[in-house]
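Read the structure below first, then the notes.
Residue numbers (the UniProt record's numbering): 1 to 143.
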């Protein structure tokens with residue numbers, strides 16, 4: 001999964017798959033954590049960005065929130081409340097989401113019509129991603 005997400009085409013294809021399965025928030029959260037880790041902690045926006053990530057993906061009853069351990073959510077909530085912002089504060093949450101994606105979404109992606117067609121056509125026919133080529137495959141997203 002890590003190699004897939006490090007490749008622009010691979011990440012786009014996986015995101016297309018997750019969008020069709022209504023699970024794209026897990027991937028968006030994964031990338032948000034990466035971006036947050038690279039922020040300058042001296043930047044005044046850092047606390048605001050941490051709050052946005054927390055509110056968007058963790059505080060609500062989203063697919064991401066359902067996949068995180070209660071202790072992980074509590075740690076992030078407490079860090080924000082105490083304004084103890086650290087570049088690694090989302091690392092555990094990102095690890096949990098990545099593990100879930102590896103066990104569920106990624107495995108289903110590897111057998112999906114969208115991926116198999118991409119591989120079959122020599123990984124060049126990106127237009128296929130716009131055709132709804134998933135058939136009847138439905139992803140449970142770890143719910």
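Cβ coordinates follow ideal geometry from the N, Cα and C atoms, glycine included.
Remember, predicted model here, so these are calculated numbers, not experimental data.
So what's residue 23 in DSSP terms, helix, strand or just coil? In the chain shown, the residue the question calls residue 23 occupies position 23. In this structure, residue 23 counts as coil in the three-state DSSP scheme.
Using a Cβ distance threshold of 8 Å, determine whether the stretch 23-37 contacts the stretch 56-72, with at least three qualifying pairs required. Verdict: yes, contact present.
Roughly how far, in whole angstroms, is the beta-carbon of residue 95 from the beta-carbon of residue 64, given that I think they are within contact range, below 8 Å? As a position in the chain shown, residue 95 is number 95, starting the count at 1. As a position in the chain shown, residue 64 is number 64, starting the count at 1. The pair is not a contact, with the Cβ atoms about 13 Å apart (cut-off 8 Å).
Residue 109: buried (16+ other C-beta within 10 angstroms of its C-beta) or exposed? On the chain shown, residue 109 is found 109 positions in, with the first residue counted as 1. Around the CB of residue 109, 16 or more other CB atoms lie within 10 Å, so the residue is classed as buried.
Spatial neighbours of residue 5 in its chain, beta-carbon cut-off 6 Å, leaving aside the 5 residues before and after: Counting from one through the chain shown, the residue named residue 5 turns up at place 5. Non-local C-beta neighbours of residue 5 in its own chain, meaning closer than 6 Å and more than five positions away in sequence, comprise 11, ordered along the chain.
Quick one, which of 87, 51 and 39 has its alpha-carbon nearest residue 81's? Taking the first residue of the chain shown as position 1, residue 81 is located at position 81. Among 87, 51 and 39, the Cα nearest to that of residue 81 is on 51.
Which two residues bound the contiguous alpha helix (DSSP H) that contains residue 88? As a position in the chain shown, residue 88 is number 88, starting the count at 1. Under the DSSP assignment, residue 88 falls outside any alpha helix (DSSP H); it carries neither an H nor an E label.
Unbroken alpha helix (DSSP H) runs of length 4 or more, entirely within the stretch 12-58: which are they? With a minimum length of 4 residues, the continuous alpha helix (DSSP H) runs that stay inside the stretch 12-58 are 24-37 and 45-53.
Grab me the residues of residue 93's own chain with a C-beta within less than 6 Å of its C-beta, minus the 5 sequence neighbours each way, in chain order. Translated into the one-based positions of the chain shown, residue 93 becomes position 93. Around residue 93: 68 and 72.
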